[in-house]
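Novice: Sharing a structure with you now.
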Amino acid sequence: MGALEQLTRKSGVIVGDDVLRLFEYAKQNNFAIPAINVTSSSTVISSLEAARDKNCPIILQLSQGGAAYFAGKGVSNDGQKASIAGGIAAAHYIRSIAPTYGIPVILHTDHCAKKLLPWLDGLLDEDERYFKLHGEPLYSSHMIDLSEEPVDYNIQTTAAYLKRAAPMKQWLEMEIGITGGEEDGVNNESVDNNSLYTQPEDILAIYNTLSPISPYFSIAAGFGNVHGVYKPGNVRLHPELLSKHQAYVKEKIGSAQDKPVFFVFHGGSGSSKAEYKEAIDYGVVKVNVDTDMQYAYLSGVRDFILGKKDYLMAMVGNPDGEDKPNKKFFDPRVWVREGEKSMSKRVQVALEDFNTAGQL
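Below is the structure:
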């Protein structure tokens with residue numbers, strides 16, 4: 005029996021109880037679902053192809069910057085208008101194309117810091133409009149990241165957003181403990197190392213505050229995570245802390261479950277397979293991978309451009325003859341496709357590393 009048998013919707017964007025069932029199945033069966041940041045139809049296709057070919061679910065997520073890019077870099081983002089419009093457009097595109105690939109897809113938004121809350125508010129407005137028409141939100145889930153704020157503010161504000169999402173059975177991911185490094189304009193490279201490690205008391209406080217509101221939430225706990233890619237040895241992860249958090253919450257709430265908390269692994273690019281496995285064993289059901297995918301996409305385009313350089317210097321004329329046309333080389337569908345193929349291969353590696361492959 006696989007994950008697909010747990011779901012009422014077998015392909016396309018899943019929501020509500022299906023998201024909960026999928027994450028519960030992942031936690032029980034020791035696998036996590038990679039969350040791939042997408043910025044275009046091309047990166048969406050790359051990710052969907054990989055999951056289809058590996059027979060598994062996938063999470064597609066948009067950051068605030070990625071959503072703005074989807075709308076077009078030439079559009080003003082005053083008041084988060086471009087990020088809201090791009091986020092809505094991307095969601096409708098993914099909803100329309102995902103069923104073609106025959107796999108379940110979780111549609112998610114990435115880090116939303118305090119200064120970006122108007123973006124999340126705009127998307128929630130659209131979620132509620134979509135819910136009135138279709139009985140489900142536009143997005144499967146959102147992520148609110150107030151990890152740089154005081155803990156009490158973080159928890160209470162997250163609770164307020166979960167109360168808004170709960171009637172739609174919409175998932176909410178939150179972060180406690182700062183993820184270091186830099187991503188999408190948010191720079192935490194100089195943060196104190198102690199802030200990278202979440203305390204078990206904070207995990208319990210989150211659980212006790214959010215559980216009475218809704219079961220649809222997950223926690224991105226800090227265990228030394230850093231965004232971006234760094235030299236081996238420069239980042240010290242301690243996934244064993246997640247095990248201690250699970251045990252602490254289990255004891256305090258008297259849970260029959262050994263892993264009562266759904267955890268998320270941020271800053272996954274560049275981590276070792278052993279680190280992934282250990283974190284997943286302790287209840288991680290989602291792993292964010294972005295930087296690796298960006299480089300993988302570039303690699304395919306770069307290798308094509310360098311390999312076919314003599315065919316790309318003019319519209320007509322190449323080593324095969326001065327009158328030979330080069331359209332079949334400079335057509336964007338050719339070299340963009342090379343980026344899609346290389347990114348898709350890298351997504352497949354993540355699906356293997358996280359034990360996601362074959363789980364349907």
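According to the working numbering, the sequence shown is numbered sequentially starting from 5.
Glycine included, each C-beta is placed from N, C-alpha and C at the ideal position.
These numbers were taken from a predicted model, which means no experiment stands behind them.
(1) Compare the Cα-Cα distances from Ala54 to each of Leu150, Ala102, Asp335 and report the closest residue.
(2) Report the residue from Ala300, Phe221, Asp314, Gln203 whose alpha carbon sits nearest the alpha carbon of Ser247.
(3) Mapping the DSSP letters down to three states, classify Tyr143 as helix, strand or coil.
(4) Label Leu24 either buried or exposed according to how many other C-beta atoms from any shown protein chain fall within 10 Å of its C-beta, with 16 as the threshold for buried.
(5) Let me make sure I understand the geometry here. Which of Gly69, Glu130, Val291 has the alpha-carbon closest to that of Ala95?
(6) Pair every Cβ in the region 294 to 305 with every Cβ in the region 255 to 270, then say whether three or more of these pairs are closer than 8 Å.
(7) When you compare the CB positions of Leu176 and Val109, do they come within less than 8 Å of one another, or not?
(8) In chain order, what residues of the same chain lie with their CB nearer than 7 Å to the CB of Gly1, ignoring the 5 residues before and after it?
(9) Over the uninterrupted beta strand (DSSP E) stretch that includes Ala225, give me the two end residues.
(10) With 16 as the cutoff for other CB atoms within 10 Å, does His146 come out buried or exposed?
(11) I'd like to check one pair, Tyr220 with Lys173: are the Cβ atoms closer than 8 Å?
(12) In angstroms with no decimal places, state the Cα-to-Cα distance between Trp123 and Ser222.
(13) Between which two residues does the beta strand (DSSP E) harbouring Val109 extend?
(14) Can you tell me whether Pro216 is helix, strand or coil according to DSSP?
(15) So Lys349 is in the alpha helix (DSSP H); what residue range does that whole segment cover?
(16) Within 8 Å, do at least three Cβ pairs link the region 251 to 260 to the region 290 to 297?
(17) Using a Cβ-Cβ cutoff of less than 7 Å, which residues in the same chain neighbour Ile217 once the five nearest sequence positions on both sides are dropped?
(18) Are the region 111 to 123 and the region 60 to 74 touching, with three or more C-beta to C-beta distances below 8 Å?
(19) With H, G and I counted as helix, E and B as strand and the rest as coil, what does DSSP make of Ile40?
(20) By the 10 Å Cβ neighbour count, where 16 or more other Cβ atoms means buried, how is Tyr157 classified, buried or exposed?
(21) Using the rule of at least 16 other Cβ atoms within 10 Å of the residue's Cβ for burial, across every protein chain shown, is Glu186 buried or exposed?
(22) Quick check on the burial criterion: 16 or more other C-beta atoms within 10 angstroms. Buried or exposed for Glu255?
(23) Suppose contacts are defined by Cβ-Cβ distances below 8 Å. Is Ile148 in contact with Ile210 by that definition?
(24) Under the rule that 16 or more other beta-carbon atoms within 10 Å means buried, what is Ile257, buried or exposed?
(25) Need the endpoints of the beta strand (DSSP E) that Ile180 sits in, please.
(26) Within 10 Å of its beta-carbon, does Val190 have 16 or more other beta-carbons around it, so buried, or fewer, so exposed?
(27) Could you give the distance in angstroms between the alpha-carbon of Gly184 and the alpha-carbon of Tyr201?
Specialist: In brief:
(1) Ala102
(2) Gln203
(3) coil
(4) buried
(5) Glu130
(6) no
(7) no
(8) Absent from the model: residue 1. The displayed extent of the chain is 5 to 364, so no value can be given.
(9) 221 to 225
(10) buried
(11) yes
(12) 20 Å
(13) 108 to 113
(14) coil
(15) 336 to 357
(16) no
(17) Ala163, Leu166, Lys167, Ala170
(18) yes
(19) strand
(20) exposed
(21) Low confidence applies here, because Glu186 scores a pLDDT of 44, under 50, leaving its location unreliable; read the following figure in that light. Classification for Glu186: exposed.
(22) exposed
(23) no
(24) exposed
(25) 175 to 180
(26) Reliability fails at Val190, whose pLDDT of 44 lies under 50, so the model's placement of it is uncertain and the value that follows must be treated cautiously. The residue in question, Val190, is buried, as its Cβ has 16 or more Cβ neighbours within 10 Å.
(27) Summary for Gly184: the model assigns pLDDT 43, below 50, so the residue's position carries little reliability; its value from the coordinates is reported in the next sentence. Spanning the two alpha carbons is a distance of roughly 10 Å.
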